[in-house]
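To keep things clear, I will list the structure first and then write my remarks on it.
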Amino acid sequence: MLQVSSTSIHLHLPTSQPPSPSPRAIFRLRHPQPHPFPSRASHFLPLSRPCCALPTLRAAASSVAESSDVVLEDGGFVEIGYISSVHGLQGEVRVKSMTDFQELRFSRPGKRWLRQNFGGKETVRQVELLGGRGQPGQKSWILSFSGVDSVEEAKLLIGSSLLVREEDRPELEDGEFYTRDLIGMKVFLKETGDLVGTVVNVFDNAASDLLQVMLNTSVGAEDMTDEGVFNAGSSGPLVWIPFVEAIVPDVDLDERVMKITPPKGLLELNVRPDGMSKKEKRQLEWKERKKFQRRLIAAKKQLCQLEQQHVFHGFRHGEKDQRDVLADQIVGLNTKLFQQAMRNISEPGSSKSLGLSEFIRDNATSLTRNTLSVTADSIAMGEIEERVDESLLEDGTQSISKGKVAMVLVVNAYTNEGMQFEPASAGSPSGEDTSLSILKSILLDDRRFVKLEDRAMMPIIMICPTNELKSIEELFSEQDYFSFDRDKVWFLEEEKLPVIGPASELACKHKILMKSPWEMLQTSVGSGGVLSLLGANYMLESLSKLEVEYVEVLSVNERYIGGHTELCGFVKSRGGHVGIQISADRMSSEEAYDILFSLEYLKKITKQIDKLHFYMIPATSSHVEKIDKEWIEVSPSSPNAHEFYCSIYSFLSSCSVGEVCVMEITE
């Protein structure tokens, strides 16, 4: 205990265990009072918990994440609760509150947002709250939403998080602060101006709130950014600083700094060399398990609705590690996409989609004024043809050099030989080694691909088969990221869906095939999975923050041509939203594509998963089945299964011809 007589403040700091995480996200800077324990009731507003833990502070701040609103990474949303169950028969749902502004958040009708998890990928959609009522003695509310009128519709919302916009946070009075505004602030000594460290968390210690500050020592200094922001995964000595006006006289939210006048010995008191205590680690593990269980329950309910309960048989057998693998796979399944695929094959005519060749054939006349022809030789040599307007190249070059264009490179799970739709074996010459060599040759081509001097500005997203993801990450690391900024390079695993068996004679239902009792048999869904993947990983939101205007999606194949500058300049000059590069080779296969989207249009189509069209491809698949309480291996000699396939050109069925530009590559 440290007593400071000059300010009449008695500090009772923890000795071994940290204080309990504060359930509040609004903190008021307290004035010194005659009594060492000032009255709490007169200094605190109701809770709103909008921002208690930043995404980059999960390790240090996770102990308060569940009792406080969290600012999400998808455009400034605030979590105010989650839907735990259905209530009644009229489509009402029960929401567990995570805010103290309950009347404001749950009873006032208006716009809200739902964050839902499909296949381990989160999406956010807007809903209309009609009203709500609290339940006395419980931390839950009964809500009703527009368009949700039945138990079946309400069940689809279970496990979803309820959100509001961050800008809708209530304004605070002077001397009051949201937790998120304090976390990440730099702390300086007021007398000397020396940097003390960075606020990583805020705790409630009864008598006074405590700032948890990571000290700026030689141990932890390298873990701070130039702006002094705490980085994920960083560690260093932590110290408690009472959040009282006598010790923290100046808080500047605009500059993100606070100045302190600590009593002698305060910064040396209770320094913990590690990031979290054992208790905090246990709390973090428990909360992560609880979150995972909620997602698992929601995914299992959705599979039950699709009559796929046989997938759960593995939970009754095997070791814990094997059952954990099954749970991870169920949570990781994109159930929304799987529902769409099953709907396509069950509804006559729903799986028909407009392919590239059909789209160009049916709209040949309309596309003529938005078509540009260039030769492959001119692109390869980097020359300007007489028939190509030089301003197009200038527009494209400026957009790329200023970082307005992002690149999505898709390493296909299919061979490029003959441009046929055939799965490539990872161990075959056309598998992993060939894919890596083709990718490497494209990235090292400074003439046809992006120029070296422009790469630092260009964000790049790699979409890879599961078995090649690690190899491609290692390739980038070995090649110093091919001159791209490593902070703007992302690696995503390709979209996959389960393989299904033939429809049963009795129920006319296709069942998911199991590779083992604890693993579903899954394959890539083809190029159409790129749209689902980009829309579910907040990639487009990240690109928007980087002020990207166009996104080029390119399949990696041995017949790569280039022409990014020409395509971008042409689409920009025409005011189009889609630019498609075509050639004789690309017209013969929908797995060889080069498409430029405006970012706004790409955001639009990635939200329209119901517009994707799937069809089934016959396959011969070995699998296991549970028959009479025994697992039987099935090794067929003829096709016995179906794999789902979707083309990236599915979006053309809902695309206006006037929005599309075509760049034709001629010999």
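All residue numbers for the sequence shown refer to my numbering, where the first residue is 21 and numbers rise by one.
Heads up, the beta-carbon is just placed ideally off N, CA and C, and yes, glycines get one too.
Would you please state the rounded distance, in angstroms, between the beta carbons of residue i and residue j? I believe it to be under 8 Å.
i	j	result
residue 707	residue 277	The displayed coordinates of the chain run from 21 to 687. Any statement about residue 707 would go beyond what the structure contains.
residue 568	residue 479	6 Å
residue 486	residue 686	The Cβ separation is near 37 Å, so there is no contact.
residue 429	residue 482	5 Å
residue 702	residue 235	With the chain covering 21 to 687 only, the question about residue 702 has no answer from this structure.
Out of curiosity, what's the CA-to-CA distance linking residue i and residue j?
i	j	result
residue 390	residue 595	10 Å
residue 489	residue 344	22 Å
residue 635	residue 617	25 Å
residue 551	residue 265	52 Å
residue 7	residue 415	Residue 7 lies beyond the stretch modelled for the chain, which goes from 21 to 687, so this question has no answer here.
residue 679	residue 328	41 Å
residue 215	residue 507	26 Å
residue 287	residue 281	11 Å
residue 412	residue 467	18 Å
residue 142	residue 302	26 Å
residue 67	residue 119	Unreliable positioning characterises residue 67 in this predicted model, as indicated by a pLDDT of 31, which lies under 50. A coordinate reading is not provided.
residue 432	residue 573	12 Å
residue 154	residue 308	27 Å
residue 669	residue 375	6 Å
residue 682	residue 367	33 Å
residue 639	residue 544	13 Å
residue 516	residue 351	13 Å
residue 519	residue 548	16 Å
residue 342	residue 521	23 Å
residue 115	residue 150	14 Å
residue 456	residue 632	29 Å
residue 599	residue 587	7 Å
residue 311	residue 102	11 Å
residue 199	residue 222	7 Å
residue 20	residue 397	The structure shown does not extend to residue 20, since the chain is modelled only from 21 through 687, so no value can be given for it.
residue 268	residue 97	29 Å
residue 559	residue 146	19 Å
residue 130	residue 620	25 Å
residue 347	residue 206	41 Å
Helix, strand or coil, according to DSSP, for residue i in the structure here?
i	result
residue 683	strand
residue 439	Here residue 439 scores only 38 on pLDDT, less than 50, and its place in the model should not be relied on; the value that follows carries that caveat. In this structure, residue 439 counts as helix in the three-state DSSP scheme.
residue 627	coil
residue 17	Within the shown structure, residues of the chain are numbered from 21 to 687, placing residue 17 beyond reach of any answer.
residue 313	helix
residue 597	coil
residue 510	strand
residue 474	helix
residue 426	strand
residue 559	helix
residue 161	strand
residue 177	coil
residue 168	coil
residue 271	strand
residue 490	helix
residue 325	helix
residue 538	coil
residue 545	coil
residue 501	helix
residue 303	helix
residue 577	coil
residue 137	strand
residue 618	strand
residue 200	helix
residue 132	strand
residue 584	helix
residue 519	coil
residue 568	coil
residue 97	strand
residue 330	helix
residue 279	strand
Establish whether the CB of residue i and some CB of chain B are separated by less than 8 Å.
i	result
residue 620	Annotation note: the requested chain B is absent from the structure, which comprises a single protein chain.
For the 8 Å Cβ check, are there 3 or more pairs between the segment 536-548 and the segment 326-339?
-> Yes, since at least three Cβ pairs between the segment 536-548 and the segment 326-339 fall closer than 8 Å, the two stretches touch.
With contact counted as at least three CB pairs below 8 Å, one residue from each stretch, are the segment 459-468 and the segment 490-510 in contact?
-> In short, these stretches touch, since the Cβ pair count reaches three.
Three or more C-beta pairs below 8 Å linking the segment 554-563 and the segment 643-650 | Too few Cβ pairs lie closer than 8 Å, so no.
Whole alpha helix (DSSP H) elements within the segment 333-388, 4-residue minimum | Fully enclosed alpha helix (DSSP H) runs of 4 or longer: 340-352, 355-366, 376-382 and 384-387.
Three or more C-beta pairs below 8 Å linking the segment 178-197 and the segment 119-137 = Yes, the segment 178-197 touches the segment 119-137.
Between the segment 310-325 and the segment 616-630, are three or more C-beta pairs nearer than 8 Å?
-> Result no; under three Cβ-Cβ pairs closer than 8 Å.
Contact between the segment 99-110 and the segment 165-175 (3+ Cβ pairs under 8 Å) | The segment 99-110 vs the segment 165-175: in contact.
What are the uninterrupted segments assigned as beta strand (DSSP E) that are 3 or more residues long and contained completely in the segment 625-679, given in chain order?
-> As for any beta strand (DSSP E) of minimum length 3 sitting wholly inside the segment 625-679, the runs are 634-639, 643-647, 650-654 and 661-666, ordered along the chain.
Contact between the segment 574-586 and the segment 377-384: three or more CB pairs below 8 Å?
-> Result no; under three Cβ-Cβ pairs closer than 8 Å.
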